[in-house]
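So the structure is just underneath, and the comments pick up after that.
Residue numbers (my numbering), protein chains in the order written: chain R, 1 to 219; chain H, 220 to 438.
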């Protein structure tokens, strides 16, 4: 499943790419609209036309990334009707990793922005992040209820999961320069998804063998 | 073990606390030296005296936080001589969580800054982060060698570990407002450390029972 963030026009697309790149290297406050226009090779007037100003552009980046993000996780949540909680959780992990890989400049910019305490981010927390929590929580609770998952502390599990999923895209520079891993390559995501699958099987799921051992012992 | 970042004078301490707070709410570029001086209730001249300018202040925040951080992990690494790799890894996890809790404003500011692509951060990556990688890698490799740990992919495991450890302190607002968890309370760290201990025991360590089962089966 490949979800690319919607970019309606060529000019808009160029502005979005340039802005995400500049915000990642120089920070939001360190970047001017003029620089974005130069980098995108468009008129400053184009930016005003599409996004009003720099704040409007940032808001657009954040909400378009998170719209796609939320739809990916909603997709896994909806599958709870026909699949096990474990399968839904693994589907979520795989699709979110690919979504971040496919939109890596934007992912980095938005994941970084979310750590700041601003009016925009307060809104994001009460909308997108609350929705995200609802979906993950539902998957985890279903798994616990159906005795597929251990009795987990939901917030702590969400925290661990989100930490592991965002790490490669929030810190691409650390990834490439210290760990020598390329988070934007399919090879990496495939391998990392397998690692997270091991985490799900061993730490989240109830052990199958253990229940087998205990039945043998009690007989 | 409580390690507090060294603050040599009362004035310096007030400036550091004010700067960390303002950088977290308004961002580095969005904060002026004048605002820091006002918040810290000191003279602008004091800031120039101790830190030169805003960049010097940021550099001081980053390096003093990471000095303490590195000493915490070095402490766990040194214990490899007398303890098992599992014990060293658990000691590292517990002490880093407490270190971040005890310096939470600073932790948030530095963890956030590290995601940016700047000259300062490039230096941090080649010094502190490379050292940190060496220590964690050594602990993991010792555990693998002594057949206490599974055959892990080292960079991927470091990534997961760091993701889980930094999440509560990089995103305190998300923690409190969406997950309703207080990352700066001892109660939280104790509980979260237990969760991570479970991860170490189940996902990192080789299962003890399994080897027991297989010996029984082969008999």
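Using N, Cα and C, we set each Cβ at its ideal position, and we do this for glycine too.
If you're wondering where the values come from, they're calculated on a predicted model, not measured in any experiment.
Reduced DSSP category for residue i - H, G, I as helix; E, B as strand; rest coil
{"i": "residue 466 of chain H", "result": "Nothing about residue 466 of chain H can be read from this structure; chain H reaches only from 220 to 438."}
{"i": "residue 40 of chain R", "result": "helix"}
{"i": "residue 218 of chain R", "result": "Bear in mind that a pLDDT of 39 at residue 218 of chain R, under 50, signals an unreliable position, so the model cannot answer this."}
{"i": "residue 430 of chain H", "result": "Model confidence at residue 430 of chain H stands at a pLDDT of 47, short of 50, so the residue's coordinates are unreliable and nothing is read from them."}
{"i": "residue 202 of chain R", "result": "helix"}
{"i": "residue 103 of chain R", "result": "coil"}
{"i": "residue 401 of chain H", "result": "coil"}
{"i": "residue 28 of chain R", "result": "coil"}
{"i": "residue 267 of chain H", "result": "helix"}
{"i": "residue 83 of chain R", "result": "coil"}
Residue i and residue j closer than 8 Å at C-beta
{"i": "residue 348 of chain H", "j": "residue 174 of chain R", "result": "yes"}
{"i": "residue 95 of chain R", "j": "residue 75 of chain R", "result": "yes"}
{"i": "residue 386 of chain H", "j": "residue 162 of chain R", "result": "yes"}
{"i": "residue 286 of chain H", "j": "residue 25 of chain R", "result": "no"}
{"i": "residue 362 of chain H", "j": "residue 304 of chain H", "result": "yes"}
{"i": "residue 255 of chain H", "j": "residue 234 of chain H", "result": "yes"}
{"i": "residue 154 of chain R", "j": "residue 77 of chain R", "result": "no"}
{"i": "residue 29 of chain R", "j": "residue 409 of chain H", "result": "no"}
{"i": "residue 203 of chain R", "j": "residue 302 of chain H", "result": "no"}
{"i": "residue 188 of chain R", "j": "residue 181 of chain R", "result": "yes"}
{"i": "residue 58 of chain R", "j": "residue 141 of chain R", "result": "no"}
{"i": "residue 31 of chain R", "j": "residue 23 of chain R", "result": "yes"}
{"i": "residue 308 of chain H", "j": "residue 419 of chain H", "result": "yes"}
{"i": "residue 171 of chain R", "j": "residue 334 of chain H", "result": "yes"}
{"i": "residue 184 of chain R", "j": "residue 133 of chain R", "result": "no"}
{"i": "residue 284 of chain H", "j": "residue 339 of chain H", "result": "no"}
{"i": "residue 425 of chain H", "j": "residue 379 of chain H", "result": "no"}
{"i": "residue 252 of chain H", "j": "residue 272 of chain H", "result": "yes"}
{"i": "residue 18 of chain R", "j": "residue 45 of chain R", "result": "no"}
{"i": "residue 91 of chain R", "j": "residue 192 of chain R", "result": "no"}
{"i": "residue 384 of chain H", "j": "residue 312 of chain H", "result": "yes"}
{"i": "residue 50 of chain R", "j": "residue 69 of chain R", "result": "no"}
Proximal residues of chain R, C-beta to C-beta of residue i below 9 Å
{"i": "residue 379 of chain H", "result": "160, 163, 164, 167, 192, 195, 196 and 199"}
Residue i: contacting residues in chain H (beta-carbon distance under 8 Å)
{"i": "residue 184 of chain R", "result": "Ordered by position in chain H, no residue passes the 8 Å Cβ test against residue 184 of chain R, which lies about 14 Å from the chain."}
{"i": "residue 27 of chain R", "result": "246, 247, 248 and 335"}
Cross-chain neighbours of residue i in chain H, by beta carbon under 9 Å
{"i": "residue 173 of chain R", "result": "333, 334, 335, 336, 340, 341 and 344"}
Neighbouring residues, chain H, relative to residue i (Cβ below 7 Å)
{"i": "residue 203 of chain R", "result": "417, 418, 421 and 422"}
{"i": "residue 177 of chain R", "result": "344"}
{"i": "residue 181 of chain R", "result": "374"}
{"i": "residue 206 of chain R", "result": "Ordered by position in chain H, no residue passes the 7 Å Cβ test against residue 206 of chain R, which lies about 11 Å from the chain."}
{"i": "residue 170 of chain R", "result": "334"}
TODO: Please specify which runs of the alpha helix (DSSP H), each continuous and at least 4 residues long, are wholly inside the segment 269-298 of chain H, giving them in chain order.
DONE: DSSP runs (the alpha helix (DSSP H)) wholly in the segment 269-298 of chain H: 273-297.
TODO: Name, going along the chain, the residues of the segment 91-113 of chain R whose beta-carbon falls closer than 9 Å to a beta-carbon of chain B.
DONE: In the displayed structure, chain B is absent; the protein chains listed are R and H.
Open item on the list: Restricting to runs no shorter than 3 residues, where is the beta strand (DSSP E) found entirely within the segment 111-177 of chain R?
Closed with: Complete beta strand (DSSP E) runs here, min 3: none at all.
Open item on the list: Closer than 7 Å between beta carbons: that is the criterion. Which residues of the segment 342-353 of chain H meet it against chain R?
Closed with: Per Cβ criterion, the list reads 344, 348, 349 and 352.
TODO: Using a Cβ-Cβ cut-off of less than 8 Å, give me the residues of the segment 234-245 of chain H that come near chain R, in sequence order.
DONE: So the list reads 243 and 244, given in the order they occur along the chain.
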